[in-house]
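The working numbering puts the sequence shown at residues 66 to 665.
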Amino acid sequence: MKEKKQSDLSVLLGYAGSYRGLTYLGLALSAAAMALGMAPYICIWLAARDLIAVAPNWTQAVNVGRYGWLAFGFAFGGIAVYFCALMCTHLAAFRTASNIRKAGMAHLMKAPLGFFDSNASGLLRNRLDGAASETETLLAHNLADIVGTVAMLIAMIVLMFVFDGRMGAACLLAAVISVCALCVMMTGKNAGLMAEYQAAQDMMSKAGTEYVRGIPVVKVFQQTVHSFKAFKQAIEDYSAKAEHYQANVCKTPQAVNLTFTEGAFAFLVPVALLLAPGALKSGSFAGFVTNFAFYAVFSAIISTALARIMFAASGMMLASTALGRIRQVMSAATFETVEDPVTPRDNRIEFRDVTFTYEGSEQPALDRVSFTVRPGQTVALVGPSGGGKTTAASLIPRFWDVSSGAVLVGGADVRQVDPHVLMDRIAFVFQNSRLFKASILENVRMARPDASREEVLAALEAAQCGDILAKLPKGVDTVIGTEGTYLSGGEQQRVALARAILKDAPIIVLDEATAFADPENEALIQRALGRLTDGRTVVMIAHRLSTVLGADNIIVLDSGRVAEQGTHERLVEANGLYARMWADYNRAAQWKISSEGEVA
Ligand code: ADP
Ligand code: MG
Numbered sequence: 066m067k068e069k070k071q072s073d074l075s076v077l078l079g080y081a082g083s084y085r086g087l088t089y090l091g092l093a094l095s096a097a098a099m100a101l102g103m104a105p106y107i108c109i110w111l112a113a114r115d116l117i118a119v120a121p122n123w124t125q126a127v128n129v130g131r132y133g134w135l136a137f138g139f140a141f142g143g144i145a146v147y148f149c150a151l152m153c154t155h156l157a158a159f160r161t162a163s164n165i166r167k168a169g170m171a172h173l174m175k176a177p178l179g180f181f182d183s184n185a186s187g188l189l190r191n192r193l194d195g196a197a198s199e200t201e202t203l204l205a206h207n208l209a210d211i212v213g214t215v216a217m218l219i220a221m222i223v224l225m226f227v228f229d230g231r232m233g234a235a236c237l238l239a240a241v242i243s244v245c246a247l248c249v250m251m252t253g254k255n256a257g258l259m260a261e262y263q264a265a266q267d268m269m270s271k272a273g274t275e276y277v278r279g280i281p282v283v284k285v286f287q288q289t290v291h292s293f294k295a296f297k298q299a300i301e302d303y304s305a306k307a308e309h310y311q312a313n314v315c316k317t318p319q320a321v322n323l324t325f326t327e328g329a330f331a332f333l334v335p336v337a338l339l340l341a342p343g344a345l346k347s348g349s350f351a352g353f354v355t356n357f358a359f360y361a362v363f364s365a366i367i368s369t370a371l372a373r374i375m376f377a378a379s380g381m382m383l384a385s386t387a388l389g390r391i392r393q394v395m396s397a398a399t400f401e402t403v404e405d406p407v408t409p410r411d412n413r414i415e416f417r418d419v420t421f422t423y424e425g426s427e428q429p430a431l432d433r434v435s436f437t438v439r440p441g442q443t444v445a446l447v448g449p450s451g452g453g454k455t456t457a458a459s460l461i462p463r464f465w466d467v468s469s470g471a472v473l474v475g476g477a478d479v480r481q482v483d484p485h486v487l488m489d490r491i492a493f494v495f496q497n498s499r500l501f502k503a504s505i506l507e508n509v510r511m512a513r514p515d516a517s518r519e520e521v522l523a524a525l526e527a528a529q530c531g532d533i534l535a536k537l538p539k540g541v542d543t544v545i546g547t548e549g550t551y552l553s554g555g556e557q558q559r560v561a562l563a564r565a566i567l568k569d570a571p572i573i574v575l576d577e578a579t580a581f582a583d584p585e586n587e588a589l590i591q592r593a594l595g596r597l598t599d600g601r602t603v604v605m606i607a608h609r610l611s612t613v614l615g616a617d618n619i620i621v622l623d624s625g626r627v628a629e630q631g632t633h634e635r636l637v638e639a640n641g642l643y644a645r646m647w648a649d650y651n652r653a654a655q656w657k658i659s660s661e662g663e664v665a
């Protein structure tokens, strides 16, 4: 456990880079500040000694004023040094957090694009951001407090034995008992109970999140909270575990802990009573009273010190989980950088015996798939849902790397091409193309940042977006997602097409939309698609077979394999899977026409 924490810390300090020294300086200053904080107690002791020596002729205690000022000076100095310490640790902590963010982002930039399909980029960024800020608290405050408090405890123990070892031991005994009580709560067989209790708490918050996500369903189906059995179960489980843990584990040790941290007096008074007769006899009673006064004041700060250490230790735990999340981001697989990049000769696309299996999946999504798209051709990928069409399309812009075989663009293995060169050559429109919360102009311009306003407008025009711009309050400068301006699925698809048109890349990879097929949008999308694909090399996933009639080649993917390929006529003649799909499609189309006829 301890070893792991240390390595956590060294990982964090590793991120601090050149600011690591500043952290150490801050910690040393914090220790010095806490040690300085002990000095006023010595001054109090000195003042008390002088006062008691001259009692009751108080005016004779000439040095008391000086001790008072000294105590004030030390206290103030301690605060000033602590301030400097926190300054150092904060500077280092901010730099460390910013380094973590930078390193995380840099790492994610090298991750395959497909990674962001299964891990929403916004979520990743939030997770990284949150984790980085959590380390900030540890480095800026908790660590300084831990080091400072340890220094303070050492100074305290030394001081305790300087004046009167026996009374010191009495104070210390109280502290030792409360620490032992704490340990009982958290170690041995109780550690298991604590872990169970924490797991139940975790479970409850997870079930709570699920519940909140499910609220729309609850409302639609008029259900009550009781229908969320998992959530209810988790709450009851947590409540039972918490009660059990409190009643059986915490009750006694926590009572002991609180009693002794707050009441170090409990030991001090009996010891003093025991020592008093001896002191009277030996004539050093004044010194004895001074010491007693000192320990009475001093014992009160023990509880503060212990509380501070506990608090700081919880910061350590938080930082440890934060670091876990940072590690998760940093362990995302990345592409290796290309040593000697190859430049694609032309726009030919070739799948050579490609097999691809998603991480964590047993079945390959593509199984020894081979086909070629010659420059200028339009090739359609068709087949039943789950056949591997989207997967095949996403291997071309290298969302993922193949498990075996190769995807070639212009004769070059995509793994050997500089990613920027590859991206410049390919424009892709996938079904889940997202628009950002920015103006339409900016959203389209992303495809080519140096494009002029006129070029963007021309691309929007080509993508048949005129009607969208006309109805928006500020036209092309309307920010999407504000003032109630949301675009329908079909409209978003057309803006995404404008983006691809503006990019003006020679290769187009398209996942054609089905979900948004209201007739009006459909006609516009078809026209936009025509403008986009004109004269280019196109790989398109077609869901409506009417759009593939003119394709130069049709690849039928079924369960990750190429079931058959050829032109529409050849495939219909072959009377295989495609012919069946075509027959189904025609039947559905006819059904649609006839049912519309009935309505009319
Ligand atoms: P299609 O586009 O033809 O409907 P896909 O290429 O989307 O098919 O999917 C092919 C297979 O790969 C399916 O079995 C699907 O469940 C699986 N699959 C798709 N995406 C992922 C993913 N991100 N992780 C794991 N498996 C996936
Ligand atoms: Mg698909």
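Glycine included, C-beta positions come from ideal geometry on N, C-alpha and C.
Have a look at the options and flag the residue whose alpha-carbon is nearest the alpha-carbon of residue i.
{"i": "residue 250", "options": "73, 321, 486", "result": "321"}
{"i": "residue 318", "options": "460, 264, 648, 252", "result": "252"}
{"i": "residue 76", "options": "391, 553, 449, 348", "result": "391"}
{"i": "residue 92", "options": "356, 154, 525, 481", "result": "154"}
{"i": "residue 489", "options": "567, 502, 541, 436", "result": "567"}
{"i": "residue 635", "options": "120, 269, 614, 106", "result": "614"}
{"i": "residue 152", "options": "229, 95, 441", "result": "95"}
{"i": "residue 468", "options": "417, 557, 544", "result": "417"}
{"i": "residue 496", "options": "353, 595, 590, 485", "result": "590"}
{"i": "residue 260", "options": "504, 378, 575, 306", "result": "306"}
{"i": "residue 262", "options": "312, 294, 501", "result": "312"}
{"i": "residue 130", "options": "119, 108, 122", "result": "108"}
{"i": "residue 649", "options": "453, 606, 448", "result": "448"}
{"i": "residue 608", "options": "446, 160, 227, 583", "result": "446"}
{"i": "residue 440", "options": "452, 377, 409, 428", "result": "409"}
{"i": "residue 587", "options": "553, 502, 214", "result": "553"}
{"i": "residue 561", "options": "583, 161, 547, 533", "result": "533"}
{"i": "residue 162", "options": "149, 361, 256, 384", "result": "384"}
{"i": "residue 214", "options": "413, 513, 366", "result": "366"}
{"i": "residue 245", "options": "477, 286, 324", "result": "324"}
{"i": "residue 571", "options": "556, 515, 487", "result": "487"}
{"i": "residue 623", "options": "265, 456, 127", "result": "456"}
{"i": "residue 160", "options": "82, 99, 643, 576", "result": "82"}
{"i": "residue 357", "options": "346, 340, 370, 369", "result": "340"}
Check the DSSP bridge columns for residue i and list the partner residues they point to.
{"i": "residue 573", "result": "492, 603"}
{"i": "residue 619", "result": "445, 631"}
{"i": "residue 474", "result": "414, 477"}
{"i": "residue 469", "result": "420"}
{"i": "residue 431", "result": "421"}
{"i": "residue 504", "result": "544"}
{"i": "residue 438", "result": "414"}
{"i": "residue 626", "result": "623"}
For chain C, find out if any of its Cβ atoms is closer than 9 Å to the Cβ of residue i; answer yes or no.
{"i": "residue 280", "result": "This model lacks chain C altogether, as it is built from one protein chain only."}
Worksheet item: For the ligand MG, which residues count as neighbours when the test is a C-beta closer than 6 Å to any heavy atom?
Response: 454, 455
Worksheet entry | At least 3 beta-carbon pairs within less than 8 Å: the stretch 327–336 vs the stretch 235–250 | yes
Worksheet item: At a cut of 8 Å, does the stretch 398–409 reach the stretch 84–92 through at least three beta carbon pairs?
Response: no
Worksheet item: Using 8 Å as the threshold, is the stretch 527–541 in touch with the stretch 464–475, meaning 3 or more CB pairs across them?
Response: no
Worksheet item: Does the count of Cβ pairs from the stretch 191–204 and the stretch 160–172 closer than 8 Å reach three?
Response: yes
Practice prompt. Quick one: which unbroken alpha helix (DSSP H) runs of 4-plus residues sit fully inside the stretch 347–412? Chain order, please.
Written response: 350–395
Worksheet item: Would the stretch 103–112 and the stretch 213–232 be scored as touching if the rule is three or more Cβ pairs under 8 Å?
Response: yes
Worksheet entry | Every unbroken alpha helix (DSSP H) within the stretch 159–197, with a cutoff of 4 residues, ordered by chain | 180–183
Practice prompt. Kindly provide the ranges of any alpha helix (DSSP H) runs that are 4 or more residues long and lie completely inside the stretch 74–124, ordered along the chain.
Written response: 85–119
Worksheet item: Does the pairing of the stretch 531–547 with the stretch 500–508 give three or more beta-carbon distances under 8 Å?
Response: yes
Discussion item. Across the stretch 173–186 and the stretch 131–147, are there enough close Cβ pairs to call them in contact, namely three or more that are closer than 8 Å?
Written reply: no
Discussion item. Would you call the stretch 591–598 in contact with the stretch 618–628, where contact means no fewer than 3 C-beta pairs closer than 8 Å?
Written reply: no
Worksheet item: Below 8 Å, can you find three or more Cβ-Cβ pairs linking the stretch 195–211 to the stretch 298–305?
Response: no
Worksheet item: Is there contact here, the stretch 350–360 with the stretch 110–118, by at least three beta-carbon pairs under 8 Å?
Response: yes
Worksheet item: Can we say the stretch 203–220 touches the stretch 372–391, given the rule of at least three CB pairs closer than 8 Å?
Response: yes
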